[in-house]
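Trainee: Got a structure for you, questions after.
Numbering (our numbering), first residue to last: 49 to 261.
Okay, here's the thing in structure tokens:
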């Protein structure tokens, strides 16, 4: 199927004066994305996580950002999942945010590490109970006979923890991606898009440059 005719014009504003702090810029863009998403029930914290396994084979999937600060970007998963196996073999990864309402994209590249256990347990405790039970019951990325098998495992977990707190499984927790580069893309008319990339040097100082669209 030829889809080459699918296109639209971008109308974003310029961002020449972006400053030298990419985390502050990300925060400003993220807040705008949150406000824009509220009207359409979107997930502004949805991001594509790109990983590469030990054999150099890439993989991508959508996950949800659960926190960010100057240290980096946090997400959670089962440590037995494919994404986690990739990250244990090769900790370098990328995150891509696409905010359609604003014609904006942010790419983040960096090295990942597991969050400390206390942080993982604190976030797990904040999740809805049904989500906790699902995390306990599901062997993520493992072969499953059918959906009925999964639902039976959830029901077994529900009975096991009836009247009790659902504890965070040892095989479940967070990752922190420490950014080494961030690229901000703003769609502009006539395909003359704005692209600013920030790179962190060995002294921990961010440097910004404009790229051709």
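Here a beta-carbon is modelled for each residue, glycine too, at the ideal position from N, C-alpha and C.
Within the same chain, show all residues whose beta-carbon is closer than 7 Å to that of residue 134, passing over the 5 residues directly before and after it, in chain order.
Mentor: 99, 100, 101, 107
Trainee: Using only the alpha-carbon positions, how far apart do residue 129 and residue 244 sit?
Mentor: 33 Å
Trainee: By DSSP, does residue 241 sit in helix, in strand, or in coil?
Mentor: coil
Trainee: Determine contact between the stretch 175-189 and the stretch 137-156, defined as no fewer than three beta-carbon pairs at a distance below 8 Å.
Mentor: no
Trainee: Are the Cβ atoms of residue 229 and residue 161 separated by less than 9 Å?
Mentor: no
Trainee: In the DSSP assignment, find the unbroken beta strand (DSSP E) run with residue 156 in it and report its ends.
Mentor: Start and end: 152-162.
Trainee: Could you check what DSSP says for residue 246 in three-state terms: helix, strand or coil?
Mentor: If DSSP states are grouped into helix, strand and coil, residue 246 belongs with the strands.
Trainee: For residue 106, report the span of its beta strand (DSSP E) as first-last.
Mentor: 106-112 is the extent of the beta strand (DSSP E) around residue 106.
Trainee: Please state the DSSP three-state secondary structure of residue 214.
Mentor: coil
Trainee: Going straight from the alpha carbon of residue 191 to that of residue 163, what length do you get?
Mentor: 27 Å
Trainee: Would residue 75 be called buried (16 or more neighbouring beta carbons within 10 Å of its own) or exposed?
Mentor: With fewer than 16 Cβ atoms within 10 Å of its Cβ, residue 75 is classed as exposed.
Trainee: Label residue 120 either buried or exposed according to how many other C-beta atoms from any shown protein chain fall within 10 Å of its C-beta, with 16 as the threshold for buried.
Mentor: Classification of residue 120: buried, given that the 10 Å Cβ count is 16 or more.
Trainee: Can you tell me where the alpha helix (DSSP H) holding residue 232 begins and where it ends?
Mentor: Premise fails: residue 232 lies in the beta strand (DSSP E), 220-234, not in any alpha helix (DSSP H).
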